[in-house]
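Residue numbers (my numbering): 177 to 443.
Now the structure itself:
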């Protein structure tokens, strides 16, 4: 699959993968901060943003998408940063092509299938994607009206704004989703899978480059019980606990990510 991507700056490549409901657009400000020193590649993952839609939405497939993009760009050595779903894609990629990486940064997600995924998040995501699929976006007059379709699902303004960034007007002037909610809904089990699921990845230790896992302390996506499994897969992993940060720490503390890259991955 030929992914859409944004590119900024020159120098050593840094590739950043967005999360579920996200797109490359979410990372432009951080890319601009780093573009004076690095070459930033921001792909839209399949079924998101401006990239093609496909009924298959698995981490092996998304890892292969990324490999094909990097091959087309002539990039064979780089630092990979991934948030949430993008963090899982990044972990899968590291397991398949470890020799291509000079570093890995995973933001607020484990590489594994977790109980939290099943009990809390999966039901929320099913509601969101069901609502997206059921909504006739062509009759929506403005984004304010669109935002109200999620009021009974989430009280978080941040989540609603993230979802609404996926609305765009088509050539007829009508709203439509940039992402593919039906494909994502039908693949939620795959999205919540991890490298410990048979056939999805490998579980032997991956080494040869520095690894950082950023845990948002106001989020439940990584818990202390995950530390040992993370280090069994990535023995060199440094787990950084980020105080006063939610799952969307890249919007709350962008300077933390910028500084982490600058301090640990010389151009």
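Glycine included, each C-beta is placed from N, C-alpha and C at the ideal position. The structure presented is a predicted model; accordingly, all values stated were derived computationally and were not measured.
- Counting only the Cα atoms, residue 384 lies some 42 Å from residue 306.
- Excluding its 5 nearest sequence neighbours in each direction, residue 230 has C-beta neighbours in its own chain below 6 Å: 222, listed in chain order.
- Boundaries of the alpha helix (DSSP H) around residue 205: 204-210.
- Excluding the 5 residues flanking it on each side, residue 421 has same chain C-beta neighbours closer than 7 Å at 392, 393, 394, 428 and 429, in chain order.
- Under the three-state reduction of DSSP output, residue 233 falls in the coil class, being neither helix nor strand.
- Note on the segment 328-415: whole alpha helix (DSSP H) runs with a minimum of 4 residues are 333-340, 357-362, 364-368 and 403-409, in chain order.
- About 26 Å separates the Cβ atoms of residue 215 and residue 236, ruling out a contact at the 8 Å cut-off.
- Between the beta-carbon of residue 218 and that of residue 200 there is about 4 Å, and that keeps the pair under the 8 Å contact cut.
- Secondary structure at residue 186: coil, using DSSP grouped into helix, strand and coil.
- Partner residues in the beta bridge of residue 193, as assigned by DSSP, are 258.
- Residue 315 and residue 345 have their C-alpha atoms spaced approximately 11 Å apart.
- Here residue 318 is exposed: its Cβ has fewer than 16 other Cβ atoms, across all protein chains shown, within 10 Å.
- The distance from the Cβ of residue 226 to that of residue 180 is about 4 Å, consistent with a contact at the 8 Å cut-off.
- Boundaries of the alpha helix (DSSP H) around residue 434: 430-440.
- Taken atom to atom, the span from the alpha-carbon of residue 366 to that of residue 264 is near 11 Å.
- Collapsing the DSSP output to three states places residue 319 in a helix.
- Excluding its 5 nearest sequence neighbours in each direction, residue 300 has C-beta neighbours in its own chain below 8 Å: 329 and 330, listed in chain order.
- Sequence-distant partners of residue 370 (beyond 5 residues in either direction) whose C-beta falls short of 6 Å from its own C-beta, in its chain, are 287, 288 and 289.
- At least 8 Å separates the beta-carbon of residue 363 from that of residue 197.
- Cβ neighbours of residue 325 within its own chain (closer than 7 Å, five residues either side excluded): 307 and 311.
- For the pair residue 388 and residue 348, the Cα-to-Cα distance works out to about 45 Å.
- Under the DSSP assignment, residue 218 falls in the beta strand (DSSP E) whose first and last residues are 214-219.
- Approximately 3 Å separates the beta-carbon atoms of residue 260 and residue 195; this is inside 8 Å, confirming the contact.
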